[in-house]
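Here the structure comes first, spelled out in structure tokens, and everything after it is commentary.
In structure tokens, the structure reads:
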């Protein structure tokens with residue numbers, strides 16, 4: 007199925023999406039990758055509040071290339087999600103609604119996705135130029151010193167992604183390759 | 006002795022960092038076209054379409070094909086009859102600094118692997134120099150993204166493992182890489198040498214034209230067989246299933262020790278970037 011959905015994402019939308027669905031995401035999403043996740047985790051360890059509310063929000067694992075003059079952002083494709091696996095269950099338990107990245111997730115993350123009715127989307131890896139066209143605004147909201155790894159608030163319009171792991175734990179990476187496997 | 010100024014090397018490296026990140030070489034582009042036609046999965050075909058459009062947009066808008074503009078791997082073959090006026094390493098790093106700044110490329114290098122403070126200019130490069138006969142300097146710039154670099158492997162096989170062991174090593178590396186390495190990928194393989202030599206061959210193999218095959222008959226057959234078998238894994242474009250998982254398998258070999266059979270598999274995403282110039 008193909009859907010146009012809004013971010014932040016509601017529990018109802020997350021529950022409706024099934025592995026293999028193709029979505030166009032519009033609204034507000036946030037970027038965070040390795041260094042930002044580490045910092046958020048340390049912030050939580052200290053009992054402090056995160057620089058963004060997680061409730062229903064979508065985190066995009068992405069560190070852009072610099073924007074040319076007059077443009078909101080440079081090339082902006084997904085990075086490998088598994089590097090964030092160590093930190094992800096905690097964020098999901100705090101209300102994170104969905105993640106956009108590429109590549110496999112750990113069993114712990116899949117469990118946390120099911121437990122919290124969340125969803126994991128994949129964007130096309132290495133398609134940073136085309137994906138940048140869907141980003142209409144980009145503002146650094148935290149950790150500016152991390153450069154490309156800072157947390158950014160993005161306004162996106164019809165950002166294309168595939169549901170890879172749905173809220174029931176169905177995993178497109180595991181099911182789809184079997185159809186084409188000859189080896 | 007032919008004189009080459011260090012500043013000429015800086016200029017060439019700067020230009021190639023930008024060029025390699027904005028547009029793929031013609032051989033890669035051509036391979037995209039043929040592979041897209043061979044893809045069986047509807048979603049895979051659609052992804053190929055988007056990847057081709059992505060290449061067009063990058064070129065038109067002069068922005069990087071992928072936001073991971075890599076760590077700059079630079080091969081410099083220096084002719085023995087050349088005198089470089091200046092510091093070669095500094096010249097290469099200055100070229101990287103200028104290219105990544107002026108080309109709006111991402112700065113992805115940290116100064117120390119544990120402390121992890123970004124150097125903010127993507128230096129230093131990883132520089133491999135060789136002395137070769139002649140009076141020219143050949144420079145290859147190959148920016149390497151880490152989504153695929155992280156999925157690369159070294160196997161120290163036993164001689165008894167033989168060719169079958171090599172095949173299984175390559176398949177294991179690609180199977181484990183799966184969707185993480187941004188397929189369709191290019192697979193660089195080094196067989197033989199020592200621990201570091203096979204890794205370097207695997208990296209160097211990625212800079213070879215994807216339409217060229219190994220000059221050694223059995224290696225050429227191995228390249229073809231492995232391409233077919235990797236595509237038989239079903240991983241597909243984006244890892245979302247399909248008949249095309251790899252665009253090419255490039256293999257280099259070298260003599261090795263009686264006790265060993267090292268195999269390195271350096272995986273590159275579909276943004277297999279390399280630019281070459283001769284000064």
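Residue numbers (my numbering), protein chains in the order written: chain A, 7 to 189; chain B, 6 to 284.
Every residue gets a Cβ at the ideal spot worked out from N, C-alpha and C, and that includes glycine.
Min CB distance residue i to chain B below 9 angstroms
i             : result
residue 65/A  : no
residue 74/A  : yes
residue 247/A : Outside the displayed span of chain A (7 to 189) sits residue 247/A, for which this structure offers no information.
residue 135/A : yes
residue 93/A  : no
residue 104/A : no
residue 68/A  : yes
residue 98/A  : no
residue 179/A : yes
Under the three-state DSSP convention, the category residue i falls into
i             : result
residue 238/B : coil
residue 133/B : strand
residue 289/B : Nothing can be reported for residue 289/B: it is not among the residues displayed for chain B, which extend from 6 to 284.
residue 90/B  : strand
residue 243/B : helix
residue 74/B  : coil
residue 86/A  : strand
Below-9 angstroms beta-carbon distance, residue i vs any chain A residue
i             : result
residue 125/B : yes
residue 94/B  : no
residue 111/B : yes
residue 46/B  : yes
residue 237/B : yes
residue 19/B  : no
residue 176/B : yes
residue 226/B : no
residue 184/B : yes
residue 120/B : no
For residue i, the first and last residue of its enclosing alpha helix (DSSP H)
i             : result
residue 171/B : 167-182
residue 59/B  : 47-66
residue 40/A  : 40-51
residue 146/B : It is not in any alpha helix (DSSP H) - residue 146/B instead sits in the beta strand (DSSP E) that spans 142-149.
Cβ neighbours of residue i in the same chain (closer than 7 angstroms, five flanking residues each side left out)
i             : result
residue 63/A  : 14, 36, 102, 103
residue 213/B : 255
For residue j and residue i, the rounded distance between their alpha carbons
i             : j             : result
residue 239/B : residue 186/A : 4 angstroms
residue 172/B : residue 273/B : 18 angstroms
residue 103/B : residue 79/B  : 15 angstroms
residue 136/B : residue 88/A  : 41 angstroms
residue 123/B : residue 41/A  : 11 angstroms
residue 215/B : residue 269/B : 18 angstroms
residue 62/B  : residue 25/B  : 15 angstroms
residue 143/B : residue 38/A  : 39 angstroms
residue 109/B : residue 127/B : 11 angstroms
residue 232/B : residue 202/B : 23 angstroms
residue 51/A  : residue 267/B : 44 angstroms
Element boundaries [beta strand (DSSP E), containing residue i]
i             : result
residue 43/B  : Note, residue 43/B: premise wrong, no beta strand (DSSP E); alpha helix (DSSP H) at 31-43.
residue 37/A  : 28-37
residue 144/A : 141-148
residue 273/B : 266-273
residue 12/A  : 8-13
residue 166/A : 157-171
residue 128/B : From DSSP, residue 128/B is part of no beta strand (DSSP E); its letter is neither H nor E.
Sequence-distant residues of the same chain with beta carbon closer than 8 angstroms to residue i, five excluded per side
i             : result
residue 263/B : 164
residue 13/B  : 284
Other residues of its chain near residue i: CB distance less than 6 angstroms, five sequence neighbours each side excluded
i             : result
residue 140/B : 7, 84, 86, 87
residue 58/A  : 36
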